[in-house]
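There are 8 protein chains.
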Amino acid sequence: MPWDVYLAGEIHSDWRERIAAGAKEAGLDVVFTAPVTDHGASDDVGIAILGEESEGFWKDHKGAGVNAIRTQTLIRQADVVVVRFGDKYKQWNAAFDAGQAAALGTPLITLHPPEHDHALKEVDRAALAVAREPEQIVAILRYAIEGRL
Amino acid sequence: MPWDVYLAGEIHSDWRERIAAGAKEAGLDVVFTAPVTDHGASDDVGIAILGEESEGFWKDHKGAGVNAIRTQTLIRQADVVVVRFGDKYKQWNAAFDAGQAAALGTPLITLHPPEHDHALKEVDRAALAVAREPEQIVAILRYAIEGRL
Amino acid sequence: MPWDVYLAGEIHSDWRERIAAGAKEAGLDVVFTAPVTDHGASDDVGIAILGEESEGFWKDHKGAGVNAIRTQTLIRQADVVVVRFGDKYKQWNAAFDAGQAAALGTPLITLHPPEHDHALKEVDRAALAVAREPEQIVAILRYAIEGRL
Amino acid sequence: MPWDVYLAGEIHSDWRERIAAGAKEAGLDVVFTAPVTDHGASDDVGIAILGEESEGFWKDHKGAGVNAIRTQTLIRQADVVVVRFGDKYKQWNAAFDAGQAAALGTPLITLHPPEHDHALKEVDRAALAVAREPEQIVAILRYAIEGRL
Amino acid sequence: MPWDVYLAGEIHSDWRERIAAGAKEAGLDVVFTAPVTDHGASDDVGIAILGEESEGFWKDHKGAGVNAIRTQTLIRQADVVVVRFGDKYKQWNAAFDAGQAAALGTPLITLHPPEHDHALKEVDRAALAVAREPEQIVAILRYAIEGRL
Amino acid sequence: MPWDVYLAGEIHSDWRERIAAGAKEAGLDVVFTAPVTDHGASDDVGIAILGEESEGFWKDHKGAGVNAIRTQTLIRQADVVVVRFGDKYKQWNAAFDAGQAAALGTPLITLHPPEHDHALKEVDRAALAVAREPEQIVAILRYAIEGRL
Amino acid sequence: MPWDVYLAGEIHSDWRERIAAGAKEAGLDVVFTAPVTDHGASDDVGIAILGEESEGFWKDHKGAGVNAIRTQTLIRQADVVVVRFGDKYKQWNAAFDAGQAAALGTPLITLHPPEHDHALKEVDRAALAVAREPEQIVAILRYAIEGRL
Amino acid sequence: MPWDVYLAGEIHSDWRERIAAGAKEAGLDVVFTAPVTDHGASDDVGIAILGEESEGFWKDHKGAGVNAIRTQTLIRQADVVVVRFGDKYKQWNAAFDAGQAAALGTPLITLHPPEHDHALKEVDRAALAVAREPEQIVAILRYAIEGRL
């Protein structure tokens, strides 16, 4: 049975693609899942499907609900959760996903540059590995799944 | 792996068929489950299989037990629970199913016309989306499963 | 340690008072909890505390959220949940509370007149007792807590 | 029994004091808990108790571990979790705590100014109330605990 | 905090009294709970409170429901479950209680004469101790609670 | 996905074969599991694999342990548990299995003749159906799985 | 409410006394629990209460069962589990207790000299703090409970 | 569906190979999983993938984290956990894995020579079988999976 790995967090760089490409090249038996990474679709999904809202707060609320149907289901199914923190935006939802994984007892890996180490110390403490590059995630998954360095 | 979506509630309109048709047309990888929607069979199943009862209360009790073997199993297996509230009948069992989904932490979607909004406010608050038409359910599932609007 | 009994459902009759009076007279070691039974306060609490809304749906949504902070906490702490279904209104939230109790494995007692038996058969099947009068609830609690008829 | 309310997040303003003062004035039966809010102590606790580290990452790691002994215990005991997001810092640990509360099914209230609404939409969607001022938190707790506006 | 010990099973001998007397003499900080041991009350409680039934099956069913409100609550609260199997009757409910304790992970002690060893081997395997006399139960509790032989 | 149905209890009649034959004839998508029904193997397995014992109690203990590796795994995987009580033997392990299913929240069906109704009232109360003949079990499964009488 | 801290592991040095003395001096609101630390009593309890055994294996088995009634109950009630690994004996039961705490999600602290670091790396990884001296445990508890260094 | 059996513990003898060979010869439908048994890889994986460390403690810590991603996932998926204790090394991680299995309620089998019986009495008490040779594990699995001696 393939491993189910949820890739949470940053949606403005190619880190998911690099992990997927590396895993494919390594021939790993893994299925990657993720939130919707099309920023516009993710923001608009609530009103696009369920109807317009005059206030931004409720537009966001509706959209976040629909997104959560996807993300909650995938996070609960995941064997491993990888959370990427990038340079842009507040990315509170990335940390929120990490908190869910921690409370569920699902192995957690964080991926971020050293400049965020201090701000992320609580999240990193709950993680089983702190990686800097997507290729390290591939190496970790290869080791975890196939048992070889 | 297909998503498992339980369609709870109203059994006197074609909302399940419209969702199933829409999902098929959209090519979604989803398995729909539901309670037995043949009203007569659902009412009579207890005495039909387990023997007559002289009192209505125990006839209902027996039938509800057999139905629960099906519904409890399917609700617990579901990735998403959709609950439809219609105009006829009290539909307390629809709200009861919604309460189970909420307590299990399973994503919940409600489907009902605006005139029930006030009466359903507690149930809707526990839901991740409140839809008006079956086609919106299809759109939500497409987004949740395939990640596209 | 006193038993914690949550009294869910109908807020337009004196059934809670009758149970409380009976339990007091019987000297039972029990703490009763309940949702806010002031209908107006319950409807308005969201906008009263968190600010006005122009649409009824979001007014209800805000209010239901604040009410849920109280009801979810109390339902989860309860040793026994009693749910009253009356003649007025849809009372879907009563059935919703019953569904939560059932999924949590908390002993459930329903209280309603016989004319709702058929509509409530699924909820009654999940209950350990179906009572008609508040005084029967007191007798059940006395038996459960003190072990005497 | 008093309600147990965990106040997570921002440690650079007086919001906790305002909530505590308001709850005291209102005579609420509530116990507030919180992470250690002395920033220096929180940062240094690992090396102060368990010995020096030459690298910042491991200093943080040690400290975050000791802090988690406190915060994990208190979050798991809480009846309600309030999470404050302020203007300074990344506050990923606030969102991380919110994720834990959500996964545990503990009622969650967020407290933040409107300018963070969009960035916090996923966290707010999982919350039962979104407040702007500490006094609103007091009002919510009074309503939840005592059932009066 | 006192230990909560549920004494399940046989109601036709004085084993509960012997355990209670021994624990009192030893000064143990323990609260004993039990099903209703008045056989007549236990059999009749359903119809006595909730109304007559013409068929024995439903009379039993009603009574078992009311008894379960007591027993399920007490079993779930217990720190330790002791189950006594005697010579009379089938005592399937004793084994049923033992199965619940085992599934809940609650420490289980059985109390029965050697002639039932073979018939009870599955239940005994799930137990942490198999005792022959009530006085051994007292000795086990003294050791478990106070740490002395 | 086929339904997983565990058939617990009596091993001295052909009830399992009758259910299996009926389910096959009805074309049900179901996998039946069961304890080892070879009485001699079940009794001897402990010493046969793990070495002789001089005392009957420990022979039983060893055997019950090995049997539990099978039965605990299968009971936890089951969607539905059917428990048969027959005329011979004490069958406490059947009631023990029923208690585990009840505590796990797995739908439970009992199968026994009316003469055991009073002795089994607690177990039957926890069951969703009480059947008299194996063919009724087949009819219940057909209804639960395929939704037709 | 006092914190409940279980002190697992080594029973041949005075580390528990040093922690208790330090906590008392610091005035901490904490209750310490522990396995029975009288080695002889712990070894003999099974046969002393439940009867002689001719084979050492079953003597140990009986004793370990009675000890587990105490230790399982206390570990499950603990807010924090401290595990001490000393120089003598294999102390597999200390690591076994640590594994239980980890699986239960209870904060874990280990206490051992550096020479065991490599052998204990898996256990230490699951711990939130690795201490060398009992006084460090006191300092950690003071920080966790009272929030001061 | 094949049974999932996790083989924990000793990595310096051929016991896993003997079990795998025996299971293959017996044609059992079983998937064996295990920690990484290449001692060097297991020790170095942290620094090999995530970067050098100057101190042994943190090198071990990093490595143990990456190993835990594999072992935690596999232990949680296992139907049965077998733990081997050998003569060399402290093998605290073997006992740690056993503690996790016990707390998760997963059937546990231990495999060790009689000279460790006394030191392992707590772990053995939590196990459903104590085997001496790998071939006994194969026989137990054949019995548990196929129901034949």
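Heads up: the protein sequence lines correspond to chains R, C, V, H, E, W, A and D, in order.
Be aware that the first sequence starts at 1127, since it is given in the working numbering, and climbs by one per residue.
Be aware that the second sequence starts at 1127, since it is given in the working numbering, and climbs by one per residue.
Be aware that the third sequence starts at 1127, since it is given in the working numbering, and climbs by one per residue.
Be aware that the fourth sequence starts at 1127, since it is given in the working numbering, and climbs by one per residue.
Be aware that the fifth sequence starts at 1127, since it is given in the working numbering, and climbs by one per residue.
Be aware that the sixth sequence starts at 1127, since it is given in the working numbering, and climbs by one per residue.
Be aware that the seventh sequence starts at 1127, since it is given in the working numbering, and climbs by one per residue.
Be aware that the eighth sequence starts at 1127, since it is given in the working numbering, and climbs by one per residue.
Ideal Cβ positions, reconstructed from N, Cα and C, are used throughout, including at glycine.
Contact belief for residue i with residue j at Cβ below 8 Å, rounded distance in angstroms
i	j	result
V/V1206	E/T1199	7 Å
C/I1137	C/H1165	6 Å
D/V1249	D/T1236	6 Å
A/D1243	D/G1182	7 Å
R/G1225	H/Q1226	4 Å
H/K1216	R/K1214	Not really, about 12 Å apart at Cβ, beyond 8 Å.
W/E1280	W/G1148	Given a span of 1127 to 1275 for chain W in the structure shown, any question on residue 1280 of chain W remains unanswerable.
D/R1142	D/T1163	7 Å
Proximity of residue i and residue j at Cβ, strictly below 8 Å
i	j	result
H/L1176	A/A1255	yes
D/L1267	D/V1157	no
W/I1173	W/K1150	no
A/L1246	D/W1184	no
H/R1251	V/A1167	no
C/V1192	W/Y1269	yes
Beta-bridge pairing of residue i - partner residues as DSSP gives them
i	result
E/Y1215	Answer is none; E/Y1215 lacks a bridge partner.
C/W1129	C/V1156
C/G1273	DSSP lists no partner for C/G1273.
V/T1236	V/V1209 and V/V1256
V/A1134	V/V1209
Own chain, CB closer than 8 Å to residue i, minus 5 neighbours either side, in chain order
i	result
W/A1220	A1134, G1135, E1136, V1209, R1210 and F1211
E/P1240	R1258
C/V1131	V1156, V1157, F1158, T1159, A1204, D1205, V1206, V1207, V1208 and L1267
Cutoff 6 Å; reference residue i; Cβ partners in own chain excluding five residues on either side
i	result
H/W1129	V1156, D1205 and I1271
E/T1197	P1161
H/A1190	none
Cβ shell of residue i (< 7 Å), same chain only, five flanking positions each side left out
i	result
E/A1146	F1158
A/A1253	L1234, I1235 and T1236
H/D1169	G1189
R/E1179	I1173, K1185 and K1188
V/V1171	G1189, V1192 and N1193
key: Residues of the stretch 1193-1205 of chain C with Cβ closer than 7 Å to any Cβ of chain W, in chain order   = A1194, I1195, R1196, Q1198 and T1199
key: Proximal residues, the stretch 1161-1178 of chain W versus chain D, C-beta separation under 7 Å   = V1162, A1167, V1171, A1174, I1175 and L1176
query = In chain order, what residues of the stretch 1242-1264 of chain A put their CB closer than 9 Å to some CB of chain D?
reply = H1242, D1243, H1244, A1245, L1246, K1247, E1248, V1249, D1250, R1251, A1252 and V1256
ask   = Listed from N- to C-terminal order along the chain, which residues in the stretch 1210-1240 of chain R have their beta-carbon within a distance smaller than 9 Å of any beta-carbon of chain H?
value = F1211, Y1215, K1216, Q1217, W1218, N1219, A1220, A1221, F1222, D1223, A1224, G1225, Q1226, A1227, A1228, A1229, L1230 and P1240
message = Tell me which residues of the stretch 1132-1155 of chain R have at least one Cβ-Cβ distance to chain V shorter than 7 Å, keeping chain order.
response = none
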